[in-house]
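Numbered per the numbering used here, the sequence shown spans residues 22 to 241. Take a look at the structure below.
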Amino acid sequence: MTTEQTTDPAHGRVAARLSMPLGEAMFTQRAIRRVRPDPIPADDLRDMLVAATRAPSGGNAQPWRFIVLLDEGVRRPFAELYREAWWAKRHDAGIHGPEDFPEAGRYSMQSAMRLADEIGDAPAIVLICATARGEGAMTSVIPAAQNLLLAGRALGVGGTITTLHPSVEERVHALLGIPDSAQVVYCVPLGYPRGRFGPAQRKPLVQVAALDRWDGPALG
Ligand SMILES: Cc1cc2nc3c(=O)[nH]c(=O)nc-3n(C[C@H](O)[C@H](O)[C@H](O)COP(=O)(O)O)c2cc1C
Numbered sequence: 022m023t024t025e026q027t028t029d030p031a032h033g034r035v036a037a038r039l040s041m042p043l044g045e046a047m048f049t050q051r052a053i054r055r056v057r058p059d060p061i062p063a064d065d066l067r068d069m070l071v072a073a074t075r076a077p078s079g080g081n082a083q084p085w086r087f088i089v090l091l092d093e094g095v096r097r098p099f100a101e102l103y104r105e106a107w108w109a110k111r112h113d114a115g116i117h118g119p120e121d122f123p124e125a126g127r128y129s130m131q132s133a134m135r136l137a138d139e140i141g142d143a144p145a146i147v148l149i150c151a152t153a154r155g156e157g158a159m160t161s162v163i164p165a166a167q168n169l170l171l172a173g174r175a176l177g178v179g180g181t182i183t184t185l186h187p188s189v190e191e192r193v194h195a196l197l198g199i200p201d202s203a204q205v206v207y208c209v210p211l212g213y214p215r216g217r218f219g220p221a222q223r224k225p226l227v228q229v230a231a232l233d234r235w236d237g238p239a240l241g
């Protein structure tokens, strides 16, 4: 398939399956970190990935590659590296154990720590990679991550965006055969939520939007 193609054979089929109102998906697509081990049907996973590949990218270069970890023999060793990476990021921030978690954000950090312990139980882990190094390729794959999660929301599949740490990069590349010329941008564990979706808790618009200039009149 080339990017010049004007008709998209997946469009009607996948779009029809992702028929949840856009507003509902956007307003309830929260980070899901606790998932049931039940497998995600191959069709649903494929449609989520198709949706991800419909995201925009710089110059429509589509510099992404999605590695979908299903095999427990791969997920388990990857999960070890994920846990190590999660703690490496905390150590960089001067956090050496749960007792160091800052009061603000403690709940979210505990939840992320639990994900670091349990990520290997997720039935699928998608590594969203950029086919080149550098910021251009990296930023170009970001919209695909959100498309993946919104499509998952429409199908009842939860997940969250996570990142790795340079200290595990070489071993992740070796484990999954990722070439040196590429980079892992996000790691997205997926599964059916143990809890519930949304609503997303966010700052009110009035605090984050201004008219015409940075310190212009607040919007909202
Ligand atoms: C760039 C990025 C990196 C993130 N990294 C992690 C992570 O390493 N571990 C994790 O558990 N969640 C991670 N998250 C998820 C955020 O913590 C989550 O989206 C945020 O707290 C909002 O959560 P909510 O949608 O449930 O309100 C990341 C999200 C983004 C966008």
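Virtual Cβ for every residue (Gly too), placed ideally from N, Cα, C.
Those residues placing their Cβ nearer than 6 Å to any heavy atom of ligand 1 are, following chain order, R51, A52, R54, S129, A133, L136, T181, I182, T183, T184, A221, Q222. Residue pairing of G180 in beta bridges, as defined by DSSP: L211. For S188 against A109, the beta-carbon gap comes to about 5 Å, under 8 Å, which counts as contact.
Contact check for T183 against C208 passes: the beta carbons are separated by less than 8 Å. For F87, the enclosing beta strand (DSSP E) starts and ends at 85-90. The C-beta distance from Q204 to M130 rounds to 25 Å, too long to meet the 8 Å contact threshold. Counting C-beta pairs closer than 8 Å gives fewer than three between the segment 164-180 and the segment 116-124, which falls short of the contact rule.
Under the 8 Å Cβ criterion, the segment 208-217 counts as touching the segment 158-174, having at least three qualifying pairs. Nearest neighbour of L196 by Cα position, chosen from A172, V95, I146, turns out to be V95. Annotation for V147: the continuous beta strand (DSSP E) segment containing it runs 145-151. A contact between stretches requires three or more CB pairs, one per stretch, nearer than 8 Å, and the segment 55-71 meets this requirement with the segment 137-147.
The alpha helix (DSSP H) runs lying completely inside the segment 34-88 and spanning 4 residues or more are 43-49, 63-74, given in chain order.
Burial state of R174 is buried, judged by a 10 Å Cβ sphere holding 16 or more other Cβ atoms.
Take the alpha-carbon of R223 and the one of I88: they are about 31 Å apart. Taking C-beta separations shorter than 6 Å and ignoring five residues to either side along the sequence, the partners of H186 in its chain run A106, A109, K110, following chain order.
By the neighbour-count criterion, in which a residue is buried when 16 or more other Cβ atoms sit within 10 angstroms of its Cβ, Q50 is buried. Sixteen is the threshold: since fewer than 16 other Cβ atoms of the shown chains lie within 10 Å of the Cβ of P77, the residue is exposed. Between A172 and A72, the C-beta spacing is below 8 Å.
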